Amino acid sequence: MKFCPKDGGIMLPAKKGDKEILRCKKCGYEEPLDKKTRKAYQIKEDKSKSGKVLTTSIVSEKEGRRREDDEWEQEREEYYKEIGLDLLRDELEGSEEHEEE
Numbered sequence: 001m002k003f004c005p006k007d008g009g010i011m012l013p014a015k016k017g018d019k020e021i022l023r024c025k026k027c028g029y030e031e032p033l034d035k036k037t038r039k040a041y042q043i044k045e046d047k048s049k050s051g052k053v054l055t056t057s058i059v060s061e062k063e064g065r066r067r068e069d070d071e072w073e074q075e076r077e078e079y080y081k082e083i084g085l086d087l088l089r090d091e092l093e094g095s096e097e098h099e100e101e
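Pasting the structure below:
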């Protein structure tokens, strides 16, 4: 990568007519692009197999993820207990406030 001699900005390849040049992104300074610099700016694609991602077609089976009815019932009971305790706590706090007045 090459930097601009004027302000230190990055020099990027560009076309000007039929010639290739390097142009500063900040100030617009231009200079001709030589073969050595052009090679440094080339992008290469890695097509090796190590870059591939392996996937599986089956992530999980539906039957293995199903919850038993007992588990749902237990969770439902716990939920209602929490709601009941919250309501009872609110009611007790409210009655304490009335007693103080």
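Heads up, the final residue of the sequence shown is numbered 101 in the UniProt record's numbering, and it's a clean run with no missing numbers.
No residue lacks a Cβ here, since even glycine has one placed at the ideal position from N, Cα and C.
Source: prediction; values computed, not measured.
What do you reckon, are the CB atoms on residue i and residue j nearer than 8 Å?
i      : j      : result
Lys-6  : Cys-24 : yes
Lys-35 : Gly-9  : no
Identify every residue that forms a DSSP beta bridge with residue i.
i           : result
residue 104 : The question about residue 104 has no answer here: the residues shown for the chain are numbered 1 through 101.
Glu-30      : Arg-23
Lys-2       : Met-11
Residue i: buried (16+ other C-beta within 10 angstroms of its C-beta) or exposed?
i      : result
Cys-4  : buried
Leu-92 : exposed
Met-1  : exposed
Leu-85 : exposed
Leu-87 : exposed
Leu-54 : exposed
Taking the C-alpha atoms as reference points, what is the distance between residue i and residue j?
i      : j      : result
Gly-16 : Gly-28 : This sequence places Lys at residue 16; Gly is not what is there. So the two alpha carbons sit approximately 12 Å from each other.
Leu-12 : Ile-21 : 8 Å
Thr-37 : Ala-14 : 13 Å
Gln-74 : Lys-81 : 11 Å
Glu-30 : Tyr-41 : 16 Å
Glu-78 : Lys-52 : 47 Å
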